[in-house]
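*Asks:* Protein chains in written order, with the numbering used here: chain D, 925 to 1317; chain R, 9 to 317. Cβ coordinates follow ideal geometry from the N, Cα and C atoms, glycine included. Quantities reported herein were computed from a predicted structural model and do not represent experimental measurements.
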Amino acid sequence: MRKKVAMTGNIAVANAMRQINPDVCAAYPITPSTEIMQQFATFKSNGKVDTELVTVESEHSAMSACIGAAAAGGRVMTATSANGLALMWEMLYIASGNRVPIVMTVVNRALSAPINIHADHSDSMGARDSGWIQIYCENAQETYDSLIQATRISEAKNVRLPVMVCMDGFIISHSIENIELFEDEEVKRFIGEYIPLYPLLDTKNPVTYGPLDLQDYYSEHKRQQDEAMFHAGDVILRTGEAFEKFSGRGYGYFETHCMEDAEIAVLALGSAAGTVRTVVNELRGKGVMAGSIKLRVFRPFPAKELADAISHLKALAVLDRCDSFGAFGGPVFSEVRSCLYDRPVRPHVTSYIYGLGGRDLGLDKVQEVFNDLKRIVDTGHVDKLATFLTVRE
Amino acid sequence: MIKLKELSEKQDLLAGGHRLCAGCTASIIMRQLMLASDYDMIFTSSTGCLEVATSIYPYTAWKTPFFHSAFENSAATTAGIESMFQSLKRQGKIPKDRQIKFVAIGGDGGTYDIGLQALSGALERGHDFMYVCYDNEAYMNTGIQRSSATPMGASTTTCPAGTCMPGKKQRRKDLTAIVAAHNIPYLAQASPSHYRDLMEKVRKAFSIEGPKFMNIIAPCHRGWRTKIDEGIKLARLAVETCFWPLYEIEEGKVNITYKPKEKLPLTDWLKMQGRFAHLFSPGNQHIIDTLQAQVNKDWESLLERESKK
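1) For D/V1315, count neighbouring C-beta atoms within 10 Å of its own C-beta (all shown protein chains included) and say buried if the count is 16 or more, exposed if not.
2) Nearest-angstrom Cα distance between R/I295 and R/S163?
3) Cutting at 8 Å between CB atoms, please list the residues of its own chain near D/L1161, excluding the five before and the five after it.
4) Would you please state the rounded distance, in angstroms, between the beta carbons of D/L1085 and D/G1055? I believe it to be under 8 Å.
5) Kindly give me the distance between the Cβ atoms of D/L1207 and D/F1294, rounded to whole angstroms, as I take these residues to be in contact under 8 Å.
6) In whole angstroms, what separates the C-alpha of R/A44 from that of R/M222?
7) Using a C-beta to C-beta distance shorter than 7 Å, which residues of chain D count as neighbours of R/P73?
8) Would you check if the stretch 1020–1039 of chain D and the stretch 947–958 of chain D touch, i.e. whether three or more CB-CB distances between them fall below 8 Å?
9) Where do the ends of the beta strand (DSSP E) carrying D/A1189 lie?
10) Can you name, in chain order, every residue of its own chain whose Cβ lies under 6 Å from the Cβ of D/L1280, other than the five neighbours on each side?
11) Please report how far the alpha carbon of R/R244 lies from the alpha carbon of D/M1015, in whole angstroms.
12) Could you give the first and the last residue of the continuous alpha helix (DSSP H) run that contains D/G1253?
13) Which class does R/M207 belong to by DSSP, given the choice of helix, strand or coil?
14) Between R/G231 and R/M148, which are expected to be in contact by the criterion C-beta below 8 Å, what is the C-beta distance as a whole number of angstroms?
15) Got a sec, what are the start and stop residues for the beta strand (DSSP E) R/S63 sits in?
16) If you compare alpha carbons, which of D/K1308, D/E1229, D/D1185, D/A1064 is closest to D/S1097?
17) Identify the continuous alpha helix (DSSP H) that holds R/I186 and give its terminal residues.
18) Got a sec? Which residues, its chain only, sit under 8 Å from D/D974 by beta carbon, not counting five neighbours each side?
19) Any Cβ of chain R within less than 8 Å of the Cβ of D/S1275?
20) Do D/G1021 and R/M92 have their C-beta atoms within less than 8 Å of each other?
21) Which bits of chain D does R/P103 rub up against, with CB to CB less than 9 Å?
22) Less than 8 Å between CB atoms is the rule here; does R/F93 satisfy it with respect to chain D?
23) What does the Cβ neighbour count give for R/L12, buried or exposed, with the cut at 16 atoms within 10 Å?
24) Could you work out which residue in D/R1270, D/K1298, D/V1190, D/H1305 is closest to D/V1256 when comparing CA atoms only?
25) Contact between the stretch 1179–1186 of chain D and the stretch 1087–1094 of chain D is defined here as three or more beta-carbon pairs at a separation below 8 Å; is this criterion met?
26) In this structure, does DSSP put D/M1090 in helix, strand or coil?
27) Can you check which of these residues, D/A1310, D/K1169, D/L1124, is closest to D/E1110 by C-alpha distance?
28) Any chance you could list the alpha helix (DSSP H) runs of at least 4 consecutive residues sitting entirely within the stretch 933–987 of chain D, in chain order?
29) Listed from N- to C-terminal order along the chain, which residues in the stretch 241–257 of chain R have their beta-carbon within a distance smaller than 7 Å of any beta-carbon of chain D?
30) Starting from R/K316, trace the beta strand (DSSP E) both ways and give me its first and last residue.
31) Excluding the 5 residues preceding and the 5 following R/T72 in the sequence, name in chain order all residues of the same chain whose CB lies nearer than 7 Å to its CB.
32) For the pair the stretch 980–994 of chain D and the stretch 78–92 of chain R, tell me if three or more CB-CB distances fall below 8 Å.
33) Which of helix, strand or coil does DSSP assign to D/Y1118?
34) Residues of chain R with a CB under 9 Å from the CB of D/C1263: which are they?
35) Going along the stretch 990–1021 of chain D in order, which residues come within less than 9 Å of chain R, judged by CB to CB distance?
36) When the Cα of R/T184 is compared with those of R/C141, R/V210, R/G151, R/T166, which residue comes out closest?
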């Protein structure tokens, strides 16, 4: 029997990990993700998982051990946040470059300095070019569901790439929701047996991982990595469909709300998507042709599909929960706007930086954004391309 | 008992044709280590000379599984591989009696310096593996920069002997003692010049469960500024002068595995090396005296520790 249980985002993640039952977890505590590994350690202590839990001395060693364990030939998971992810940075590229499947929950938190423990996307956005698949989740259920899907995506033979499943620190990680938990056996069936490829532990067929790869081959290997990311797009969609059959909840690259006839819309990642939807509903009640898009998969970036979904708009605002200092807008904005460039008809697109270091995004602030969009449509003119939304200036 | 005839009949697990310098002692050390073992082995190497020269895609000299990940994480990477082995064994996915020896390798840069934290963590957690440091006393792969293993007075590219500075100012770090402070079941210092001693230590280490450590002196003619074919001679002199004592610590007990009949003066070793040439110029005798005094003190201290067993 599936059951609905009230739990925090972190505990939902720990439960997904318990049901996935990875062979090895190597992790180092950091707020706000700490609770995941604490709960998982409790599962381990009580014989609920078969996992070898490696309580390393740093996040750098956490990812190093995960990479070694994955190359050895088994299922591997971990979790981190903010500076922990930053300390892993070198190893993120080594994980994807070695094509080892690893699933990591990133509980999004602002990067230091100044130190701050609350949600923003500066950590995972900083890792957007590291060769990891990135899935952003709106709530605990999505995070739980996405971790189960990520296990299959990461291990697909034509993908073999690590996956980050991201959820907003505190806002989701520490809030209690009613989660539908699958039965353990159902999860086991959905993810299937782990099939190792070129495992180090097969000493009869010795392989070398991580050789020096110079001018003659490096480009070809990076090209193959790009190809794997291309395949990941398709695998993500097929896994989402399979998951829908299994759970009733479907997942794609993004989710649209009132978009068919919308003239203005706001695009956001993570927990902000719910706030945006609420404002859209209010506006629709007032006859405003508003819509919203929740972007779930940021890597691989679904450029064509997204452009198809938004090019008919008159104006679009992209919310970024992190800045790209010195650029002209946030990282999601740059890519969303770029994917529209080749469309003969395309909306005005503006950038809003919001919610840094856990600053709350109120309905009124999203309303302001829609007001701006209406003004752009009315005047045909963009006054300000990039705006700081929730800040005192 | 190590018998040359038997060793000569064993398969060499590090293939020839790799691109280490002629006369490099790192590959000699690896061959001695691999020949000493009758187990299946999986190697991890930190970034460094040994790694870049033995695994240039699409070639590899390694006839065993081999993983190079990064510079500072050889111990953490091995910890991951070993943990997967333990997990799969516990779950019955690997036969219970299956034995694999996990060996993490690092130079002095990857071990004494940038990799010290990962090494310490892996030792403390008690993984069943052996860490081997081939200590050539500087960052040789990047072009002879000082490390915390570089002896006082040595000239390197980041502490060059000049008119104002006589090479490295600080004394070297005693990594073996730092490792000993982790109270692991077995650790040793070894030298490729005393290959029987080195191989006996490898065999003993492989017979013990838990973390093991070996610190092995690895003369580098490029960095030490010596003749190409004198690596083993230099390693032997490091032992005979007591600069590099051969000893082991098993369950906390110190055992000196080789005591020179006549302790040679340190200058016998120093004078063969260009990196110390400036120490023989007028005004620098005091540095040689300090180095000799340190060697004497360390040797006496080691003898005393042994006598307490």
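*Replies:* So, from the data block:
1) With fewer than 16 Cβ atoms within 10 Å of its Cβ, D/V1315 is classed as exposed.
2) Separation of R/I295 and R/S163 (C-alpha to C-alpha, rounded to the nearest whole angstrom) is 13 Å.
3) Within the same chain, D/L1161 has close Cβ partners G1176, Y1177.
4) The beta-carbon distance between D/L1085 and D/G1055, rounded to whole angstroms, is 7 Å. This is short enough to meet the 8 Å contact definition.
5) Contact between D/L1207 and D/F1294 holds: CB atoms are separated by about 6 Å, below the 8 Å threshold.
6) Whole-angstrom Cα-Cα distance: 14 Å.
7) In chain order: L1124, T1127, P1130, V1131.
8) The answer is yes - the stretch 1020–1039 of chain D touches the stretch 947–958 of chain D, with three or more Cβ pairs under 8 Å.
9) Per DSSP, the unbroken beta strand (DSSP E) holding D/A1189 starts and ends at 1188–1192.
10) Excluding sequence neighbours, D/L1280 sits near D1044.
11) When rounded, the distance between both Cα atoms is 39 Å.
12) Boundaries cannot be given for D/G1253, as no alpha helix (DSSP H) includes it and DSSP labels it neither H nor E.
13) DSSP places R/M207 in helix when its eight states are reduced to three.
14) Yes, they are in contact, since the Cβ atoms of R/G231 and R/M148 sit about 5 Å apart, within 8 Å.
15) Counted as a single uninterrupted DSSP element, the stretch harbouring R/S63 is not any beta strand (DSSP E), since DSSP gives it neither H nor E.
16) Looking at the Cα atoms, D/A1064 is the closest of the given residues.
17) It spans 183–188 - the alpha helix (DSSP H) in which R/I186 sits, taken as one unbroken run.
18) Apart from the 5 residues on each side of it in sequence, D/D974 sits with its Cβ closer than 8 Å to the Cβ of N945, D947 in its chain, given in chain order.
19) For D/S1275, no Cβ of chain R is located within less than 8 Å of the residue's own Cβ.
20) Cβ atoms of D/G1021 and R/M92: not closer than 8 Å.
21) Contact of R/P103 with chain D by beta-carbon distance below 9 Å is absent, the smallest such distance being about 12 Å.
22) Closer than 8 Å: yes.
23) R/L12 is classed as exposed because its beta carbon has fewer than 16 other beta carbons within 10 Å across all chains shown.
24) Nearest C-alpha to D/V1256: D/V1190.
25) Not touching, per the Cβ criterion.
26) It is Cys, not Met, that sits at residue 1090 of chain D in the sequence shown. Correct three-state label for D/C1090: strand.
27) Closest option to D/E1110, Cα to Cα, is D/K1169.
28) As far as the stretch 933–987 of chain D is concerned, its whole alpha helix (DSSP H) runs of at least 4 residues are 933–944, 958–969.
29) Against chain D - using a Cβ distance shorter than 7 Å - the stretch 241–257 of chain R contributes no residues.
30) No beta strand (DSSP E) holds R/K316; DSSP gives it neither H nor E.
31) Around R/T72, the same chain offers L21, M49, I50, F51 as residues with beta carbons nearer than 7 Å, after the five sequence neighbours per side are excluded.
32) Enough Cβ pairs lie closer than 8 Å, so yes.
33) If DSSP states are grouped into helix, strand and coil, D/Y1118 belongs with coil.
34) Within chain R, no residue comes near D/C1263; the closest Cβ sits about 34 Å away, beyond 9 Å.
35) Within the stretch 990–1021 of chain D, the residues whose Cβ lies closer than 9 Å to some Cβ of chain R are C990, I991, G992, A993, A994, A995, A996, G997, G998, V1000, E1014, M1015, I1018, listed in chain order.
36) For the options R/C141, R/V210, R/G151, R/T166, the alpha carbon positioned closest to that of R/T184 is the one of R/C141.
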